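Quick note: the sequence shown, position 56, residue 56 per UniProt numbering, numbers continuous.
The C-beta atom is built at its ideal place from N, Cα and C for all residues, glycine as well.
What you are looking at is a predicted structure, and each value in this text was computed from that prediction instead of being measured.
So the structure is just underneath, and the comments pick up after that.
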Amino acid sequence: MVVKVYISGISGNKEVKKHQQVVLMILDSKNIEYVVVDITEPGKENEKEFMQQNSKAKVAKYPLPPQIFNEDDYCGDYEEFDLANEVDELDKFLKLSTSVSTCEITLGKTADSKDSAENGELNGIASSRENSAEKEKEAVEEDSKTEEEEATEEE
Numbered sequence: 001m002v003v004k005v006y007i008s009g010i011s012g013n014k015e016v017k018k019h020q021q022v023v024l025m026i027l028d029s030k031n032i033e034y035v036v037v038d039i040t041e042p043g044k045e046n047e048k049e050f051m052q053q054n055s056k057a058k059v060a061k062y063p064l065p066p067q068i069f070n071e072d073d074y075c076g077d078y079e080e081f082d083l084a085n086e087v088d089e090l091d092k093f094l095k096l097s098t099s100v101s102t103c104e105i106t107l108g109k110t111a112d113s114k115d116s117a118e119n120g121e122l123n124g125i126a127s128s129r130e131n132s133a134e135k136e137k138e139a140v141e142e143d144s145k146t147e148e149e150e151a152t153e154e155e
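Dropping the structure here:
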């Protein structure tokens, strides 16, 4: 489902321009995908007529942009959008289906879990952390190998 925002690109009304900018800014900030339909562009007469027939005018004879739709379902105008945003119900206002992903985490104790934890593993996955004593031992071994190699090269 695509959110459509009907706007007027050449409106002389500063309040309309401000409302359009706010709607687009909020949609961007919430990473909601949308399509802008500029009803003032040439060839967009059908879109303008659709917006006027399917929107609800409150004060003026015709509804003023921005008008928000989800596909062909009317969501509302700026005031309704702003209120939904304020009460944190924008998804509901935009009629977006909320996909909830669930994840099940199972932590179980087995006889091997203690041994695995000591070896730096958890649930069979090697940990990025190793015991500090093992790290020290490896570092000392590498240093002594390097010293032996240098001594061999000098001879």
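Using the rule of at least 16 other Cβ atoms within 10 Å of the residue's Cβ for burial, across every protein chain shown, is L27 buried or exposed? Here residue 27 is taken as the residue at index 27 of the sequence shown, counted from 1. Looking at its Cβ environment, which holds 16 or more other Cβ atoms inside 10 Å, L27 is buried.
Let's see if you can read the secondary structure: which residues bound the beta strand (DSSP E) around N70? Along the sequence shown, read from residue 1 onward, the residue named residue 70 stands at position 70. Residues 67-70.
Range of the contiguous beta strand (DSSP E) that encloses K30: Position 30 of the sequence shown holds residue 30. Taken as a continuous stretch (DSSP letters only), K30 belongs to no beta strand (DSSP E), as it is neither H nor E.
Rounded to the nearest angstrom, what separates Q20 and S97 at their Cα positions? Reading the sequence shown from its first residue, position 20 is the one you call residue 20. Reading the sequence shown from its first residue, position 97 is the one you call residue 97. If you take the alpha carbons of Q20 and S97, they lie about 24 Å apart.
Collapsed DSSP secondary structure at K14 in the structure displayed: As a working note, residue 14 is residue 14 in the sequence shown. Looking at K14 - three-state DSSP - the assignment turns out to be helix.
Is the segment 5-13 touching the segment 32-48 in the sense that three or more CB pairs, one from each, lie closer than 8 Å? yes
CB of L90 within 8 Å of CB of I68, strictly: Working through the sequence shown from its first residue, we reach residue 90 at position 90. Working through the sequence shown from its first residue, we reach residue 68 at position 68. In this structure, I68 does not lie closer than 8 Å to L90 by Cβ.
Here's a check: name, in chain order, each residue in its chain whose Cβ is nearer than 7 Å to the Cβ of G76, leaving out the five neighbours to either side. Position 76 of the sequence shown, counting from 1, holds the residue named residue 76. Once the five neighbours on either side are set aside, the close Cβ partners of G76 are I68, F93.
Leaving aside the five residues before and after S101 along the sequence, list all residues of the same chain whose C-beta is less than 6 Å from its C-beta, in chain order. The residue you call residue 101 lines up with position 101 of the sequence shown. The predicted model places S101 with a pLDDT of 48, which falls under 50 and marks its position as unreliable; any figure quoted below should be read in that light. Excluding sequence neighbours, S101 sits near nothing in its chain.
Indicate whether V3 and N54 have their beta-carbon atoms separated by less than 8 Å. Your numbering for residue 3 matches position 3 in the sequence shown. Your numbering for residue 54 matches position 54 in the sequence shown. No, the pair does not count as a contact, with Cβ atoms beyond the cut-off.
Reducing DSSP to helix, strand and coil, say where N4 ends up. On the sequence shown, position 4 is the one that residue 4 refers to. This sequence places Lys at residue 4; Asn is not what is there. DSSP places K4 in strand when its eight states are reduced to three.
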